[in-house]
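In the working numbering, the protein residues as written are 30 to 433.
Below: the structure, in structure tokens.
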Amino acid sequence: MGKCKICNKAAERIVSFGKMPIANGFLNRIPSDEFFYNLSVAFCPECFMVQLDETVKPDMLFNADYQFISSTSDAMAGHFEKISAEILEKISGKSNPFVIELGCNDGIMLRHIAARGVKHLGIEPSGNVASLARNNGVKVLESFFNEPVASQIVRDYGQADVICGSNVFCHIENINSVFKGIGILLKNDGVLFFEDPYLLSIIKKSAFDQIYDEHIYYFSGLSVSKLARKHDMQLVDMHPQDVHGGSMRYYLKNSLSNTANNKVGEFLSEEKALNLDRLHGYSTFKDNVDKICSDLRNTLSDIKRKGNRIVAYGATSKSTTLLNYAKIGPEIIDYICDITPNKINKYTPGMHIPIKSHEAFVKDTVLYALLLAWNHKKEILEKEKEYRRKGGKFITYFPEVVIE
Ligand code: DWN
Numbered sequence: 030m031g032k033c034k035i036c037n038k039a040a041e042r043i044v045s046f047g048k049m050p051i052a053n054g055f056l057n058r059i060p061s062d063e064f065f066y067n068l069s070v071a072f073c074p075e076c077f078m079v080q081l082d083e084t085v086k087p088d089m090l091f092n093a094d095y096q097f098i099s100s101t102s103d104a105m106a107g108h109f110e111k112i113s114a115e116i117l118e119k120i121s122g123k124s125n126p127f128v129i130e131l132g133c134n135d136g137i138m139l140r141h142i143a144a145r146g147v148k149h150l151g152i153e154p155s156g157n158v159a160s161l162a163r164n165n166g167v168k169v170l171e172s173f174f175n176e177p178v179a180s181q182i183v184r185d186y187g188q189a190d191v192i193c194g195s196n197v198f199c200h201i202e203n204i205n206s207v208f209k210g211i212g213i214l215l216k217n218d219g220v221l222f223f224e225d226p227y228l229l230s231i232i233k234k235s236a237f238d239q240i241y242d243e244h245i246y247y248f249s250g251l252s253v254s255k256l257a258r259k260h261d262m263q264l265v266d267m268h269p270q271d272v273h274g275g276s277m278r279y280y281l282k283n284s285l286s287n288t289a290n291n292k293v294g295e296f297l298s299e300e301k302a303l304n305l306d307r308l309h310g311y312s313t314f315k316d317n318v319d320k321i322c323s324d325l326r327n328t329l330s331d332i333k334r335k336g337n338r339i340v341a342y343g344a345t346s347k348s349t350t351l352l353n354y355a356k357i358g359p360e361i362i363d364y365i366c367d368i369t370p371n372k373i374n375k376y377t378p379g380m381h382i383p384i385k386s387h388e389a390f391v392k393d394t395v396l397y398a399l400l401l402a403w404n405h406k407k408e409i410l411e412k413e414k415e416y417r418r419k420g421g422k423f424i425t426y427f428p429e430v431v432i433e
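Structure, rendered in structure tokens:
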């Protein structure tokens, strides 16, 4: 077992999923050999951070061929527009405010800030999505974020009033360098907020598909408040978000003299009640995961045995963990449909299920679709009324297998 990536104390193993391919590594052709790493998660009893044991080099994950495009969900576009409105409110009255987003992807949020003529900068290491952001009018620094980059930004542009990131902080292994950088880059009265999948939601739902190479940390209020204090910051507020299967937005201030509000206390109490501050809190997770996998495999096998075909919906990164761990491959799933142009006609990592366009799904008469993009269920059920009217059913699996 390794050391905690934050405080260097010995970490304790929660669960291992064995060998996994790159989650977002959708393949042009079925390869003769493929890169695999060991996917397992550990808990640090010192700083309460749940984290990957083994990590993959960041440039193998985030590069000029990053395959996840944020604007593929209308609901998420609405979510990010709301974030931009919150930022605009926070900076109203400030003279020449400066907004920085870490990991701006295609500019889904910052384009609203840019459209208002506000000084801004997106920091994005993946060249292809950085270009999409630029096309959306966003100023982008194509780079990973760390302490030296923060110093460079202060020299080139000055300090920031707001620093934010969505589904980005949990991606960065050297999070201490990120926080040191923010300490340099954020004005004394500035606000830092970020959101990521919430550990408590993952544990409650046994949503183990959130565990993959890009997600190095699984944040809770308990771990974020410790991380903040380590860097002389204070966790002052927490807002749960109904996105990505249950996320949490954390608000931090640049000085320990700030105090946390009651909500933080309530979330920390709930997390402690579930024992997320000790290894014991994770003791049933693996059994729950294994039950979901065996129930799902049995359900899919039953459907096939009765002579039905099954497809899947949404070639998510998450599903790489589900499909590889539960061993669900092309013998069960004919294809996965997805609207992302650069995923179509590729194969999923590890299990090599073909990916087809949404049009292929619409033309199909298939009656069962495994909803791999389960976090977008509301939006997808609304979109697929016609499929369901014709008798089509979706299969979901967190916290239990349901056909509806
Ligand atoms: O943190 C991360 C999150 C935010 O996004 C990254 N590490 C990578 C990525 O994870 P993901 O791939 O699991 O995210 P999604 O948003 O669950 O992916 C949805 C997939 O489904 C996309 O490929 C787009 C597709 N989709 C679709 O085909 N039709 C999505 C919707 C809403 C649709 O209607």
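All C-beta atoms in this analysis are idealised placements derived from N, C-alpha and C, irrespective of residue type, glycine included.
The structure displayed is predicted, hence computed values, not measured ones.
- Beta-bridge partners assigned by DSSP to I365: A341 and I384.
- Cβ-Cβ separation between L401 and T345: approximately 5 Å, consistent with a contact (criterion under 8 Å).
- L297 is not a Cβ neighbour of L264, given a cutoff of 7 Å.
- Taking non-hydrogen atoms of the ligand DWN into account, the C-beta of F97 is found less than 6 Å away from one of them.
- Counting of Cβ neighbours within 10 angstroms places S195 among the buried residues, the total reaching 16 or more.
- Between the stretch 306-315 and the stretch 41-53, the count of Cβ pairs shorter than 8 Å is three or higher; the stretches touch.
- Following the DSSP letters along the chain, one finds M277 inside the beta strand (DSSP E) bounded by residues S276 to K282.
- About 16 Å separates the beta carbon of D242 from that of F198, a gap too long to meet the 8 Å contact definition.
- At least one heavy atom of the ligand DWN lies less than 6 Å from the C-beta of S346.
- For I373, there is no enclosing alpha helix (DSSP H), as DSSP marks it with neither H nor E.
- Here F198 carries a helix assignment [DSSP, helix/strand/coil].
- DSSP, reduced to helix, strand and coil, places N67 within a strand of the structure shown.
- If only uninterrupted beta strand (DSSP E) runs of at least 3 residues are considered, those enclosed by the stretch 70-135 are 79-81 and 127-131.
- In this chain, I321 is not harboured by any beta strand (DSSP E); it is covered by the alpha helix (DSSP H) spanning F314 to R334.
- Residue burial annotation: N37 is exposed, with fewer than 16 other C-beta atoms found within 10 angstroms of its C-beta.
- Comparing alpha carbon positions, the residue from F248, I51 and G31 closest to T349 is I51.
- With fewer than 16 neighbouring CB atoms inside 10 Å of its own CB, L285 falls in the exposed class.
- Across the structure, I382 and K234 are spaced so that their CA atoms are roughly 26 Å apart.
- Residue pairing from DSSP places L400 in a beta bridge opposite Y342.
- In this structure, N283 is the residue among D271, N283 and S276 with its C-alpha nearest to the C-alpha of M262.
- It is roughly 39 Å from the alpha-carbon of I192 to the alpha-carbon of C322.
- Annotated as proximal: V340 and V395, with beta-carbon spacing under 7 Å.
- Excluding sequence positions up to five before and after G166, its CB lies within less than 8 Å of the CB of G136, R140, A143 and A144, all in the same chain and listed in chain order.
- Selection L229, N353 and R326 evaluated against L68 yields N353 as nearest (Cα-Cα).
- When the Cα atoms are used, I116 and G146 turn out to be separated by approximately 13 Å.
- T350 has its Cβ no nearer than 6 Å to any heavy atom of the ligand DWN.
- Per DSSP, H309 lies in no alpha helix (DSSP H) segment and is marked neither H nor E.
- Here DSSP, grouped into helix, strand and coil, assigns G54 to coil.
- In terms of Cα proximity to L351, the closest of C33, D331, R338 and F46 is F46.
- Among the bridge pairs identified by DSSP, M267 is matched with Y279.
- DSSP places K209 inside the alpha helix (DSSP H), whose first and last residues are I204 to L214.
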